[in-house]
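Chains as they are written, first to last, in our numbering: chain F, 104 to 729; chain W, 118 to 595; chain P, 56 to 155; chain B, 40 to 507; chain L, 20 to 195.
Virtual Cβ for every residue (Gly too), placed ideally from N, Cα, C.
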Amino acid sequence: MQDLVEILILPLIGAGTITAFKGIMPRRLPGIWASFLVAVSFVLSVAADRRLGQLAAHHRVITGVLWNWVTGFGPTIHWRLYFDPLSAVWLLIITGVGALIHIYSIGYMHDDPGEGRFFAYLNFFIFSMLLLVLAGNLAILLIGWALVGLASYFLIGFWYERPSAVAAAKKAFVMNTLGDVGILLGLALLYVHYHGIGYAHLFRIFDTARPGSAFFEWSAFLLYLGAMAKSAQFPLHMWLADAMEGPTPVSALIHAATMVTAGVYLMTRLYPLLRLAPFTHQLIGAIGAFTAIFAASIAFFQQDIKKVLAYSTLSQLGYMFLAVGVGAYTAGVFHFMTHAFFKATLFLAAGSVIHALAGEQDLGQMGGLWRKMPWTMASFLAATLAIAGIPPFAGYFSKEAILGQAYNSGHLVLWAVGVLTAGMTSYYMFRLFFLTFFGKPRNAKLYDHAHEAPLVMTIPVVILGVFSVIGGFFGSWLNGWLSPAFHQYLGASTAPLEHGPVFGTVVTVGLAVIAFFVAYWLFVARGIQPQAGTTRAPGLWMLKAWGMDAAWTAVAVNPLKWLGDAMLAVERAILAGVVGLADGIQAWASDLAPIQTGYVRRYALSIMVGVVALLAYYLIRIGFIS
Amino acid sequence: MFLVWLLAVPLAGAIVTLWAPAKGAKGVAAITSFVALLGYVGLLFVNRAGVNWPWIAAWGVRFHLQADGLGLFLLGLNAVLFVVAILASSEDMGRIYYFWLLVLEFAVAGLFAAVDLFVFYVFWEVLLVPVFFLLTQWSGARGRTAALKWLIMNLVGSFFMLVGIVAVAVIHHQNGGAFTFEIAALSGMAIPAGIATWLFFAFLVAFWIKAPLWPLHGWMPDTYGESPAPVTALISGVLSKAGIYGILRVMMPIFLPQFRQFQLLLLILAAIGLLYGALAALRQTDMKMVTAYGSLSHMAMMALGIFSLTEAGILGTTYYMVAHGLMVGGLFIVLGLLESRTGTRTIQDMAGLNQSAPRLAAYFLFFVLGTLGLPGLPGFVGEYMIIQGLIQSQVVFAVIAGFVLVVAAWYMLRVFQAVMQGPARSSAIRDLLARQVAWLVPLAGLVVFIGIWPAGITSHAVPSLYHVMHFASQGGGR
Amino acid sequence: MIPLNWVVALGAALFAIGAVGVLVRKNPLIMFMAAEMMWNAAALVFVTFARSFHDMTGQVMAFIIIGTAAAEVGIGLAIIVSVYHHRHRLDIDEVSELKG
Amino acid sequence: MSGALGPEYTIVLGVFATMIMVMLAKNRTILAYWAALAAVVVSGVWTIILWSDRALPLSLYAQGVTVDGFSLVINGLVLLASAGALLIGWNDERYGADFPALVLLALLGMMVLGLANNFLVLFLGIELLSLPLYILAASGGYAESREAGLKYLLLGAFSSGILLFGLALLYGASGTMVFTQLGNSPLILPLAGAGLALTVVGLVFKLGIIPFHMWVPDVYEGSPLPVTSYMAFGTKVAAAAVLLRFLFFGFSLAVGWWEPALGYLAVLTMVAGNLLALAQKDMKRLLAYSGIANAGYVLVGISAHNQSGARAMLFYLLVYGLAVLAAFAVFTMVAGDRKSVSLNDLTGLARRSPWLTAFLTVAMLSLAGIPLTGGFVGKFYLLQAALYANEPGLAIGLVVGAMIGLAAYVRPLQRAFQAGDGAVVPIRWPIAGAVVVIIAVLGTIGLGVYPAPIVHIVNHSAAFDWLH
Amino acid sequence: MIAFVILAILALGGGVGVVVARQPVHSALFLIMNILALAIFYILLSAEFLAAAQVIVYAGAIMVLFLFVVTLLTAGKDDAEPQESLQGQRLTAGILAVLAGGGLAVLGVLFPSRSVPFGLPPNFGNLHGMGLNLWNQDFVYLAAVALMLLTAAIGVLVLNRPPREGPKPRVKEGDS
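Dropping the structure here:
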């Protein structure tokens with residue numbers, strides 16, 4: 104318990120101290136301090152993992168209550184931490200990759216005036232993410248969940264003077280709030296039925312529950328809604344592409360390696376619930392597969408180096424959800440891990456490129472950079488090979504596990520989509536690679552000024568590149584490590600890694616290789632420009648991300664705005680009604696006042712009227728006049 | 118006796134303020150409110166004894182005050198926000214301004230402590246008066262209209278409630294009980310069904326207007342718009358809670374059967390208000406109005422919590438009242454600081470102020486996040502419990518509430534980003550002064566504290582709520 | 056022996072005539088006289104009932120009415136005189152500055 | 040003869056003493072004021088002594104007058120009213136040396152009305168009250184005052200005629216003139232009904248109930264300020280007292296016929312009175328309409344026809360009177376040399392005189408019925424009475440009237456707190472007026488904060504135990 | 020009965036005359052006629068003292084005062100009544116008076132009071148009897164009437180005192 108709290112609290116301390124002593128700290132200190140704290144966290148995480156590993160396989164859970172959160176009647180919820188092999192994997196990746204990206208950022212952000220703020224945000228993000236994965240119940244998870252969203256909001260909008268960044272941040276936040284509300288509703292639903300939302304408590308109940316009731320479908324779906332928003336599954340995916348407005352290390356850490364995979368964490372964490380909700384489970388896989396191929400198609404024609412990577416992230420997240428959907432939980436986590444390595448590498452390398460080109464992100468301005476930045480190019484290449492699924496790089500193993508399991512479990516359509524997507528991935532990734540590093544420089548001036556990044560940036564990239572190469576070999580270790588987590592409860596019989604049929608592997612790798620050659624032929628041999636094909640129908644649509652933004656605007660944003668305007672009209676009516684009522688009474692009074700004419704005889708007449716009326720009334724009452 | 122302290126200190130301070138030198142009035146008021154806050158600390162940690170003195174023996178009216186879990190934290194909210202509001206007020210407001218503020222503190226404290234209907238009603242109406250004069254004399258161009266609206270709309274509601282109060286006591290007496298206004302004695306009494314409905318709505322209208330809840334919020338825009346920022350903070354932060362509090366304190370024990378009977382109607386009305394406030398806030402261009410309509414929506418959320426008639430919903434509302442009070446109070450004060458620096462409230466006239474006033478922006482964002490219900494901050498806890506209650510009773514309203522949370526994120530961020538971010542178009546402004554930070558930090562700290570440890574409030578509120586709802590005997594909402 | 060019922064009816068008629076006088080005449084003096092006639096009608100009815108009950112109280116009442124009328128007329132005429140000191144015509148409708 | 044009528048005799052002596060003072064010391068009119076005040080004070084002390092003496096109720100003059108707790112409380116109220124009027128108009132040469140004597144004469148009429156138990160005393164009381172007031176109304180020495188006097192006179196004579204005819208018919212229907220014997224005597228119902236109708240008209244005319252109210256605003260506006268305050272408070276108390284005694288003592292068995300009609304009149308009066316007050320710019324006229332509306336509240340107490348009603352009525356008359364005295368005292372000071380105060384004259388009052396503004400605030404809030412002022416407790420008591428009588432309509436009418444009236448009462452306050460233009464003209468405080476306003480304001484607040492003693496007093500004074 | 024009819028005609032004629040007479044002087048004279056007719060009624064109703072008082076006080080004192088004021092105020096002026104200016108005043112007044120007066124008259128005729136069958140007590144209504152009443156048990160009423168007359172005397176003094184010499188400021192206002 105205690106070390107968990109330390110792991111958790113160190114980055115928060117970093118964020119706090121950097122914020123509080125912003126004016127006092129030397130200019131370079133925040134970066135170093137923040138990186139140091141995350142690194143310590145990483146070391147502590149390794150230690151914690153080791154201790155966890157020393158426990159008996161079926162008791163590999165460390166849990167404890169920090170203090171009460173809500174008590175009374177109604178909900179009784181505690182601040183509970185929960186540490187098991189699944190959390191442990193996430194913990195390592197978050198602190199490990201996080202530390203590397205912190206270090207990288209020292210170089211990347213060194214001339215930005217908001218450097219201190221940046222590291223405070225980053226540290227805050229690490230804290231939030233750790234809270235998310237260490238949470239012992241859904242409510243605390245939701246707190247971490249929302250805080251990472253907040254950190255993401257801060258970092259996307261880091262350059263707040265850019266309107267596009269600000270808009271992207273808002274979009275990300277609002278869409279994620281939609282997901283948060285899904286989790287909120289889902290966990291409240293679970294609480295209402297089971298009077299508790301601690302994992303252990305829920306899992307014990309899920310163990311014995313019979314699958315298929317609407318209640319399980321609804322609660323699973325609502326929780327999946329959260330995962331969908333956070334992990335940018337179709338149709339809540341647009342924010343992720345816009346999120347590239349943030350600094351590149353942010354894209355690497357948050358929008359590729361860690362935060363966006365929180366959905367995968369949630370789904371794997373809640374795998375016993377998914378067993379009980381077969382329809383939702385299928386839906387997850389289907390949407391994952393669709394997202395994978397859909398995002399891959401968009402990546403084909405993107406002009407911005409980070410946009411390509413963003414859509415490729417979307418696509419890979421689709422893979423992970425495909426894994427969840429077919430019950431390949433370990434494979435999903437495995438792919439998360441390898442993806443963290445190679446996608447972080449890609450982003451950081453892209454960051455180095457952007458850094459070298461003074462902030463230029465347009466592929467149309469790049470080309471031939473391999474001469475200037477060999478280390479970056481090498482790392483990028485390794486990661487590209489990994490993501491393309493070329494053996495023996497990391498991505499090959501995890502993707503193979505997912506596809507194999509999809510095939511084995513009979514999800515042939517999903518398998519086919521996955522295979523196709525693998526080929527597409529290979530194509531657009533190599534397109535990106537060739538356009539960036541090969542061919543003729545398309546902007547001589549930028550090319551002349553380009554240079555290899557400083558060591559503080561290059562070293563993390565290279566380390567991550569190495570992991571992209573060797574990451575695949577962690578598979579069997581992971582299989583063993585996670586098996587207690589997935590076997591502790593029922594319904595995880597499909598969880599361990601499996602191998603698919605040989606022909607599947609052949610087809611997948613073959614497609615990837617073919618795609619490689621196509622890309623080489625197009626962009627190196629023929630040297631066509633990145634803009635090619637984006638003016639006509641399919642390419643244009645893909646470039647515009649199939650018009651999803653416009654669709655959302657038309658379906659959700661504008662109607663809400665119209666409703667808001669309608670409410671304002673109603674509001675004016677209500678306010679006018681209030682004023683009108685008051686004025687009406689006032690006017691009525693003013694109209695009534697002239698009855699008082701000032702003529703005595705009128706007054707006497709009024710009295711006489713009263714006399715007659717009262718006489719008549721009394722005589723009626725006593726029955727004289729009937 | 119700390120309870121009496123909470124009432125007596127502001128009253129005495131108010132009278133002293135009248136003779137204070139013009140420039141010293143703020144100091145006197147600040148010290149007074151701080152002493153009252155100390156009294157609250159004493160109440161919280163030392164002694165919570167109430168008082169029960171005879172008042173008008175012939176009518177069974179007793180000056181009965183009690184700080185139970187329902188009112189305890191609202192008293193704290195009152196004590197805290199008044200310190201902040203007084204500190205946030207300008208020094209050249211004049212002594213009468215501070216006099217009225219302290220009278221207001223006195224009245225609100227009395228309201229939150231009263232457990233006798235007569236006493237409750239007395240404080241309920243007395244608190245209208247200071248606000249009326251604050252609006253009349255220290256507010257914008259339409260302040261006098263706003264003041265009239267405030268007073269008349271609120272009194273219209275309370276006069277109906279007055280009839281209700283007397284009628285309840287008379288019926289209790291005619292049923293054979295003593296002639297008393299003690300809420301505990303009146304709770305659960307038998308009222309003939311036809312009359313009960315009328316009485317129920319007579320009470321409800323008063324609370325509905327005060328909260329305010331849609332569609333009886335007509336006084337709200339002018340009042341929030343015209344009053345000086347500290348007063349807005351107090352109205353939205355503390356006074357509006359009086360409406361919700363009244364429903365819990367007064368109506369729940371007496372009219373529980375009617376709540377069950379009209380539950381769906383009430384839920385629908387509150388849900389309309391919830392959507393209405395949020396959507397109206399979406400399109401406002403005045404940053405104070407965005408917050409005001411957001412607050413309207415949040416009040417509807419609290420009402421939903423009550424009308425869910427579940428333990429979770431009511432507990433959530435009890436908690437949310439305090440949380441929302443602190444956050445929206447802080448937000449209005451920050452908006453006031455912003456307005457005094459820029460001279461405008463229209464969001465189109467501002468942009469990129471973050472660059473010149475990062476601290477102001479940070480506190481602005483903090484309270485924005487709080488009001489939009491960010492998990493980890495207290496608004497979320499209240500909303501969570503309310504939504505859980507709604508799921509228990511009528512799940513469709515939970516979905517509506519969830520949807521509104523999304524819209525809330527949208528409209529609150531819209532304001533923040535429009536004002537603070539983007540390219541700086543307006544000229545630079547002064548950042549927060551150190552002394553302003555000095556009271557914003559504790560306020561923000563308090564918000565964070567109750568956000569991560571809501572159990573501190575909820576666990577204390579529970580016994581009172583049991584009493585309020587008779588849930589122990591009647592087995593909960595469903 | 057005169058029929059007491061019919062005297063009461065006469066009183067009612069005089070009362071009504073007096074009321075009409077107050078309502079339709081514009082000269083304040085005549086209005087005042089008409090009001091006096093209403094008083095007289097009441098006094099007549101009192102005396103009639105006193106006769107009917109053989110009860111002197113009714114006559115005492117009538118006497119008081121006469122005496123009070125005297126005082127009232129004194130004051131009334133003083134007020135009318137003071138009002139019409141500066142006016143040309145005795146028209147009550149002109150005395151209507153206060154209204155609304 | 041015991042001293043039961045001592046307060047009244049004191050006033051009679053006071054009248055003579057005052058007149059002697061006027062005659063003896065022609066240039067020192069203040070002596071007359073002192074004499075009158077002394078008479079009022081002695082009478083008041085005597086009243087208090089009588090109240091604490093438990094030898095009541097007493098019936099005197101062949102049951103013509105009844106001295107009981109009720110009449111003594113009425114005594115106290117009208118003494119308060121006259122003391123207020125005297126002090127507000129203290130030694131003001133505009134009102135002449137005869138002002139105190141006339142005030143005392145009217146006071147005598149009011150006290151007699153409180154005692155009245157037969158038709159003779161009722162009529163005498165009405166006339167004793169009215170005649171001096173006709174004079175006082177017309178005594179301002181300007182056209183509006185004369186007009187007010189004339190209007191009051193003509194309508195008063197008219198309504199007295201109606202009252203007399205009604206009394207005559209009642210006499211014929213019952214054969215008795217004593218209220219307390221009306222219930223026991225065999226009534227000829229149609230005659231009694233007609234008589235009751237006419238009598239009630241005559242009495243509510245004095246009270247100012249719509250539609251018999253029309254003299255009220257004109258006369259209040261035209262009369263000099265202290266006289267207006269006197270009429271607003273004293274006349275209302277006396278008329279309400281005699282109406283209550285007449286109906287409760289004479290017709291409590293025949294409640295079914297008269298009660299609903301009075302209830303309708305009360306609701307009409309409360310609503311329309313407050314509505315009309317909303318349209319007024321002149322403060323005296325505003326208070327006149329407010330007086331009409333408050334007469335409606337008082338009528339609620341009567342038409343509730345139960346003990347609470349009588350008690351609430353007494354209590355309400357006190358709080359109303361205190362508020363009115365405070366308001367009139369303030370207006371007199373603000374008016375200075377002018378005849379009346381308009382809404383515009385109040386602008387900037389808060390800067391001219393913060394304390395006067397504060398006092399005016401208390402008075403107006405009391406009239407509006409805000410808690411911690413007596414007005415609230417009074418309305419609260421009236422509501423109790425109405426609801427105990429199972430008359431929710433009256434309760435609703437009361438609160439609806441109060442709602443409408445609110446704006447009328449708070450608008451002057453807003454004007455007072457509005458910044459005026461030009462130089463700040465300070466206001467001088469005559470000591471007598473200051474005494475009135477301070478006592479009235481303290482009383483108003485006292486009644487709001489701790490009404491228990493007065494509630495105790497009225498509960499013991501209006502113990503009409505034949506009512507439920 | 021014949022006496023009643025004649026007297027009633029006189030009284031009503033006087034009453035109507037008051038209302039319809041074009042000149043105030045004539046109205047006053049008609050009222051005197053009415054009053055005298057009532058005085059005779061009083062005699063017939065066994066109220067001799069009242070009859071005397073009616074003649075002396077009403078016809079003698081009050082009406083003379085009226086005539087005096089009428090001549091004072093209308094001397095040398097056109098005292099013809101101007102046209103009715105209030106719309107519907109006459110019609111409404113007539114209808115109301117007919118309703119009220121007619122209704123009351125009908126009531127009075129249909130529902131006679133409960134007459135006492137036996138003979139009048141001694142001294143009923145004569146000077147002696149009234150004296151016994153007014154100077155014994157009902158003296159207080161007489162005293163009250165006296166106070167009213169005193170009031171009237173004060174009133175006349177107050178109302179017709181000479182106008183003051185311009186309004187003298189009671190309160191000195193500051194220089195503004």
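Using beta-carbon positions only, say whether residue i and residue j come within less than 8 Å of one another.
i	j	result
F332 (chain W)	I677 (chain F)	The sequence as given places Pro at residue 332 (chain W); Phe does not occur at that position. Their beta carbons are under 8 Å apart, which means P332 (chain W) touches I677 (chain F) by this criterion.
E127 (chain P)	A196 (chain B)	yes
M509 (chain F)	V565 (chain F)	Residue identity differs from the one stated: residue 509 (chain F) is Ala in this sequence, not Met. No, the Cβ-Cβ distance between A509 (chain F) and V565 (chain F) is not below 8 Å.
Q419 (chain F)	K446 (chain F)	yes
Please identify the residue among the options whose C-alpha is closest to the C-alpha of residue i.
i	options	result
E91 (chain P)	L:S46, L:A66 and L:V177	L:S46
V439 (chain W)	W:S207, W:V565 and W:T149	W:V565
Q102 (chain B)	B:A56, B:L159, B:I69 and B:T412	B:L159
R324 (chain B)	B:L395, B:W254, B:T274 and B:Y72	B:W254
R458 (chain W)	W:D233, W:Y436 and W:S544	W:S544
Comparing the C-beta of residue i with each C-beta of chain B, is any distance below 8 Å?
i	result
V145 (chain W)	no
Y238 (chain W)	yes
Within 8 Å (strictly less), CB to CB, does residue i reach chain P?
i	result
I62 (chain L)	no
Q108 (chain L)	yes
Based on DSSP bridge pairs, tell me the residues matched to residue i.
i	result
S31 (chain B)	Because chain B here runs from 40 to 507, residue 31 (chain B) falls outside it and cannot be looked at.
I180 (chain F)	F:V173
Straight-line CA distance for residue i to residue j?
i	j	result
N661 (chain F)	P431 (chain B)	51 Å
P188 (chain L)	F398 (chain B)	Any reading at P188 (chain L) needs caution, since the residue's pLDDT is 44, under 50, leaving its predicted position unreliable; the model's value is listed next. Rounded to whole angstroms, P188 (chain L) to F398 (chain B) spans 25 Å at the Cα level.
L321 (chain W)	T463 (chain W)	35 Å
E298 (chain B)	P58 (chain P)	35 Å
G630 (chain F)	S412 (chain W)	59 Å
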